[in-house]
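Residue numbers (our numbering), protein chains in the order written: chain A, 274 to 449; chain B, 847 to 1093.
Even for Gly, the Cβ is constructed at its ideal location relative to N, Cα and C.
Report on the following structure.
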């Protein structure tokens, strides 16, 4: 008990206030982050579920917001943790649970094969995607692909946008 | 069943890389992306606001809005648990306990622990009693999202129990569990994107047992609107009926 460090936390009410006061940019970031974490999981839940769950855990006091951390990275961390829980839980779910309806495929569940095929027209992007999935990061990926940092970041954005558009198209909500 | 040790897989790495890029993207670019994808730069921010409003609504004391919609309820989640038990008073008790401990220098003697437990029990009883008699409306509002779904709308709203106008839901057939209720909605949404795209289901506890749930669509401010929507669903072969949102 004596070795426990004391971390000061904001109250759930303060967290709610901070969440409500976020800028449009930060709100957009958080919805996109929720999509990224939810739609790379083999689970029947989608990003709204993930975001709801994060807010619920914060308001319930199960996840305290450390005073030393900004609300944006804190929320991203909470969603990451929940998405991780979902993945471990998915081992206990019935294998047919997410494939009984068209909805299972409508919310694009990415797998490695689908991803590599998505970048068949761009070898560099494909190399970066494969590198990312193998756990490589920043400088290592620049080195592997022979790109400058700026060119790598531009390519990484292109990769993210293509994946986001795939999700949109499969959800049928994109406005053309 | 023992959970296996889970190592990061390729999709975990991908998710982290996507998030890294999102966080590194300038604000104006992100908003432009939202405009490109949804026709409105504020579309995702607006979705954020909707989710926060509906997530915060069952919190009782913390609640600001009174949105009826409970879009998605992952089984066993904090969201579901918070609906099963009014967590705001549980959180209050936990906070009181946390306040008592430091006051006792981090540990309590046996008699102190017993006294603290009695004190907490008394506080809990008074909180429950006070809420029961003084905030009946709030408690019912807190729980309304998970009360058994009505199969027929009541003729008139009960005055004094709710300050809101009566709203109506189009309810799909009751399902034996939450997953099935969500799946029934998702199936219908997949079949009828023109009617249901972008709409979140309203999840209600069913009448046939502890685990039964009903997915609903709405709320509609007028019974006729709900009935028309239900008729439209029925024309496509779906089963539904209209119920009062607060029931």
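8 Å Cβ cutoff, residue i in contact with chain A
i: residue 1075(B); result: no
i: residue 856(B); result: yes
i: residue 898(B); result: yes
i: residue 865(B); result: yes
i: residue 871(B); result: yes
i: residue 1050(B); result: no
i: residue 1013(B); result: no
i: residue 1018(B); result: no
i: residue 868(B); result: yes
i: residue 1084(B); result: no
i: residue 877(B); result: yes
i: residue 1061(B); result: no
i: residue 888(B); result: yes
i: residue 1087(B); result: no
i: residue 1079(B); result: no
i: residue 1070(B); result: no
i: residue 860(B); result: yes
i: residue 894(B); result: yes
i: residue 902(B); result: yes
i: residue 1091(B); result: no
i: residue 891(B); result: yes
Minimum Cβ-Cβ distance from residue i to chain B less than 8 Å
i: residue 281(A); result: no
i: residue 408(A); result: yes
i: residue 301(A); result: yes
i: residue 373(A); result: The predicted model places residue 373(A) with a pLDDT of 36, which falls under 50 and marks its position as unreliable; any figure quoted below should be read in that light. Closer than 8 Å: yes.
i: residue 292(A); result: yes
i: residue 297(A); result: yes
i: residue 349(A); result: yes
i: residue 305(A); result: yes
i: residue 391(A); result: no
i: residue 289(A); result: yes
i: residue 413(A); result: no
i: residue 399(A); result: no
i: residue 436(A); result: yes
i: residue 321(A); result: yes
i: residue 405(A); result: yes
i: residue 329(A); result: yes
i: residue 439(A); result: no
i: residue 342(A); result: no
Rounded C-alpha distance that separates residue i from residue j
i: residue 857(B); j: residue 1069(B); result: 46 Å
i: residue 1084(B); j: residue 387(A); result: 33 Å
i: residue 1013(B); j: residue 891(B); result: 26 Å
i: residue 1039(B); j: residue 1081(B); result: 15 Å
i: residue 405(A); j: residue 860(B); result: 6 Å
i: residue 1049(B); j: residue 429(A); result: 38 Å
i: residue 317(A); j: residue 359(A); result: 10 Å
i: residue 437(A); j: residue 884(B); result: 12 Å
i: residue 1034(B); j: residue 1015(B); result: 16 Å
i: residue 289(A); j: residue 865(B); result: 22 Å
i: residue 415(A); j: residue 423(A); result: 9 Å
i: residue 321(A); j: residue 876(B); result: 19 Å
i: residue 351(A); j: residue 339(A); result: 12 Å
i: residue 1060(B); j: residue 1021(B); result: 6 Å
i: residue 867(B); j: residue 310(A); result: 13 Å
i: residue 1088(B); j: residue 1063(B); result: 9 Å
i: residue 330(A); j: residue 394(A); result: 42 Å
i: residue 444(A); j: residue 902(B); result: 27 Å
i: residue 324(A); j: residue 307(A); result: 6 Å
i: residue 1066(B); j: residue 1086(B); result: 15 Å
i: residue 286(A); j: residue 898(B); result: 13 Å
i: residue 353(A); j: residue 855(B); result: 14 Å
Best match in the options for proximity to residue i [C-alpha to C-alpha]
i: residue 355(A); options: 344(A), 336(A), 297(A); result: 336(A)
i: residue 434(A); options: 391(A), 353(A), 347(A); result: 391(A)
i: residue 341(A); options: 399(A), 279(A), 290(A); result: 279(A)
i: residue 361(A); options: 322(A), 315(A), 350(A); result: 315(A)
i: residue 1045(B); options: 1071(B), 1090(B), 896(B); result: 896(B)
i: residue 1041(B); options: 1027(B), 889(B), 1075(B), 855(B); result: 1075(B)
i: residue 313(A); options: 357(A), 283(A), 303(A), 284(A); result: 357(A)
i: residue 346(A); options: 400(A), 291(A), 396(A); result: 291(A)
i: residue 900(B); options: 299(A), 348(A), 293(A), 305(A); result: 293(A)
i: residue 1072(B); options: 1017(B), 854(B), 1047(B), 862(B); result: 1017(B)
i: residue 418(A); options: 439(A), 282(A), 349(A), 396(A); result: 396(A)
i: residue 332(A); options: 284(A), 442(A), 440(A); result: 284(A)
Supposed contact pair residue j and residue i - C-beta distance, whole angstroms, cut 8 Å
i: residue 295(A); j: residue 344(A); result: 7 Å
i: residue 878(B); j: residue 426(A); result: Between residue 426(A) and residue 878(B) the Cβ distance is about 17 Å, and since that is not below 8 Å, they are no contact.
i: residue 881(B); j: residue 887(B); result: 4 Å
i: residue 451(A); j: residue 432(A); result: The structure shown has nothing for residue 451(A), since chain A only spans 274 to 449.
Min CB distance residue i to chain D below 8 Å
i: residue 313(A); result: Note that chain D does not occur in the displayed structure, where the protein chains are A and B.
The ligand FMN heavy atom lying under 7 Å from the CB of residue i
i: residue 1068(B); result: Absent from the structure shown: the ligand FMN. Ligands present: none.
Quiz prompt | Sequence ranges, alpha helix (DSSP H) only - wholly within the stretch 1047 to 1090 of chain B, length at least 4 | solution = 1069 to 1081
Self-check item: Completely contained alpha helix (DSSP H) runs for the stretch 310 to 363 of chain A, where each covers 4 or more residues
Solution: 320 to 332, 344 to 363
Practice problem: Note down, one range per segment and in chain order, each alpha helix (DSSP H) of at least 4 residues found wholly within the stretch 389 to 424 of chain A. | Solution: Listed in chain order, they are 396 to 406, 411 to 418.
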